[in-house]
Amino acid sequence: MDLGLEVEERDGFAVLSVRGEVDVYTAPRFRERLIELVTEGKHRIIVDLEGVDFLDSTGLGVLVGGLKRLRSHDGDLLLVCTQTRILKVFEITGLTKVFSIYDSVDAAVAGGSGGETSP
Amino acid sequence: MNDAGGAGEAAEVIELEIPARAEFVALARLVVSALAASDSSLADERIDDLKLAVSEACTNAIEAHDAAGSEERVLVRCWAADDALEVCVEDRGEGFDPAQLPDHPPVTDPDRLKFERGLGIPLIRALVDEVEFSSTGHGTSVRLVMRHGGNGA
Numbered sequence: 166m167d168l169g170l171e172v173e174e175r176d177g178f179a180v181l182s183v184r185g186e187v188d189v190y191t192a193p194r195f196r197e198r199l200i201e202l203v204t205e206g207k208h209r210i211i212v213d214l215e216g217v218d219f220l221d222s223t224g225l226g227v228l229v230g231g232l233k234r235l236r237s238h239d240g241d242l243l244l245v246c247t248q249t250r251i252l253k254v255f256e257i258t259g260l261t262k263v264f265s266i267y268d269s270v271d272a273a274v275a276g277g278s279g280g281e282t283s284p
Numbered sequence: 005m006n007d008a009g010g011a012g013e014a015a016e017v018i019e020l021e022i023p024a025r026a027e028f029v030a031l032a033r034l035v036v037s038a039l040a041a042s043d044s045s046l047a048d049e050r051i052d053d054l055k056l057a058v059s060e061a062c063t064n065a066i067e068a069h070d071a072a073g074s075e076e077r078v079l080v081r082c083w084a085a086d087d088a089l090e091v092c093v094e095d096r097g098e099g100f101d102p103a104q105l106p107d108h109p110p111v112t113d114p115d116r117l118k119f120e121r122g123l124g125i126p127l128i129r130a131l132v133d134e135v136e137f138s139s140t141g142h143g144t145s146v147r148l149v150m151r152h153g154g155n156g157a
């Protein structure tokens with residue numbers, strides 16, 4: 166099982182695109198990549214979950230940990246997700262109220278710099 | 005595959021033993037979701053719910069073995085009951101009391117971000133129609149029930 170993690174720069178944000186399944190096996194790599202970005206001084210991060218096929222509570226834990234770390238640097242972590250089955254995991258756990266979730270990277274870039282269009 | 009009762013109409017129990025290591029949780033998910041799909045009594049969305057619940061239960065089982073230093077395998081059993089698909093995940097960890105799990109602070113509380121863990125069991129409860137935890141000092145068994153036509157607990 167493979168986890169894809171690609172980073173690109175977009176208007177002052179680091180966009181981390183995640184592909185594949187995020188579970189107890191793959192979550193450590195995801196966590197390390199996020200921590201690396203923060204260590205490199207990237208404090209405004211967009212995590213794009215559109216390529217994620219599966220995400221469980223270990224994946225949620227990585228995102229909560231990332232948000233916490235970034236907020237301690239006055240940064241932020243924004244999410245991109247439109248997939249119902251992935252959004253459901255955030256809804257059940259109440260994390261839709263903790264994260265700003267956008268329909269696209271463009272919307273996150275625009276929203277993260279100003280107004281929010283989160284569902 | 006075991007024949008549960010020997011009688012013609014007895015439910016066939018599918019058993020999968022996985023090494024208690026993180027890389028095998030995906031296999032448990034795959035087997036259970038393939039089995040659920042072959043049953044065709046559950047909608048796709050409910051199969052996704054069951055897959056997630058199984059992932060959470062297996063993750064907890066593996067962490068329990070890790071904490072106990074156990075080399076034993078985790079057992080995943082599935083069977084079709086009359087009106088439901090049931091999955092049981094059994095570990096040989098040191099057990100836990102589900103009633104003693106801490107409540108998460110409300111999402112508006114900044115302390116909410118302290119909780120990176122402990123989301124698995126609330127997820128299981130929300131996803132399946134019925135869940136039963138049986139835990140002793142020698143292991144925990146989690147029984148997940150997905151009823152045909154159910155919509156989550």
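If you read the protein sequences in the order shown, they are chains R and Z. Going by this note's numbering, the first sequence wraps up at 284, each residue one higher than the last. Going by this note's numbering, the second sequence wraps up at 157, each residue one higher than the last. Beta carbons: idealized from backbone N, C-alpha and C, even for Gly. Remember, predicted model here, so these are calculated numbers, not experimental data.
Closer than 8 Å at the beta carbon, the chain Z residues around residue i
i	result
V254/R	L56 and L127
I257/R	P126, L127, A130 and L131
R198/R	The contacting residues do not exist; R198/R stays about 16 Å from chain Z at best.
C-beta contact flag for residue i and residue j at 8 Å
i	j	result
A40/Z	L79/Z	no
A65/Z	A15/Z	no
L181/R	I200/R	no
V149/Z	F137/Z	no
V17/Z	V58/Z	no
G224/R	F255/R	no
D53/Z	L131/Z	yes
T63/Z	G99/Z	no
R184/R	V217/R	yes
S222/R	L123/Z	yes
Y190/R	A30/Z	yes
I257/R	L127/Z	yes
E19/Z	R81/Z	yes
F178/R	G277/R	yes
R121/Z	G226/R	yes
L286/R	V187/R	Within the shown structure, residues of chain R are numbered from 166 to 284, placing residue 286/R beyond reach of any answer.
C246/R	E197/R	no
K55/Z	R77/Z	no
Contacts that residue i makes with chain Z (C-beta to C-beta distance below 7 Å)
i	result
T247/R	Near T247/R there are no residues of chain Z at all, since even the closest Cβ is about 16 Å away, more than 7 Å.
Under 7 Å by beta carbon: chain R residues contacting residue i
i	result
S45/Z	Near S45/Z there are no residues of chain R at all, since even the closest Cβ is about 19 Å away, more than 7 Å.
V29/Z	D188, V189 and Y190
R121/Z	G226
S59/Z	D188 and D221
D52/Z	R250
Proximal chain Z residues relative to residue i, where beta-carbon distance stays under 9 Å
i	result
R209/R	Within 9 Å Cβ-Cβ: nothing; R209/R doesn't reach chain Z, min ~17 Å.
Counterpart residues of residue i in DSSP-defined beta bridges
i	result
A179/R	E174/R and I210/R
S139/Z	T144/Z
R184/R	G169/R and G216/R
S265/R	L243/R
L260/R	Note: L260/R sits in no beta bridge, so no partner.
C62/Z	Beta-bridge pairing links C62/Z to no other residue.
E67/Z	None, per the DSSP bridge assignment.
A22/Z	Note that residue 22/Z is Ile in the sequence shown, not Ala. Answer by DSSP bridge pairing, in chain order: V78/Z.
R151/Z	A88/Z
E134/Z	V149/Z
E197/R	None, per the DSSP bridge assignment.
Chain R contact residues for residue i, given Cβ-Cβ distances below 9 Å
i	result
T63/Z	D188, V189, D221, S222 and T223
A84/Z	Those within 9 Å of A84/Z in chain R number zero; the least Cβ separation is about 23 Å.
Cross-chain neighbours of residue i in chain R, by beta carbon under 8 Å
i	result
A26/Z	D188, V189 and Y190
**Message:** Give me the subset of the stretch 213 to 234 of chain R whose CB atoms are less than 7 Å from a CB atom of chain Z, sorted by chain position.
**Reply:** Per Cβ criterion, the list reads D221, S222, T223, L225, G226, V229, G230, L232 and K233.
**Message:** Please list, in chain order, the residues of the stretch 176 to 194 of chain R that have any C-beta partner in chain Z closer than 9 Å.
**Reply:** From the stretch 176 to 194 of chain R, only E186, D188, V189, Y190, T191, A192 and P193 have a Cβ closer than 9 Å to chain Z.
**Asked** Three or more beta-carbon pairs under 8 Å between the stretch 265 to 279 of chain R and the stretch 220 to 240 of chain R, yes or no?
**Response** Not touching, per the Cβ criterion.
**Asked** Which residues, taken in chain order from the stretch 64 to 79 of chain Z, show a beta carbon closer than 9 Å to some beta carbon of chain R?
**Response** The stretch 64 to 79 of chain Z vs chain R, Cβ under 9 Å: I66 and E67.
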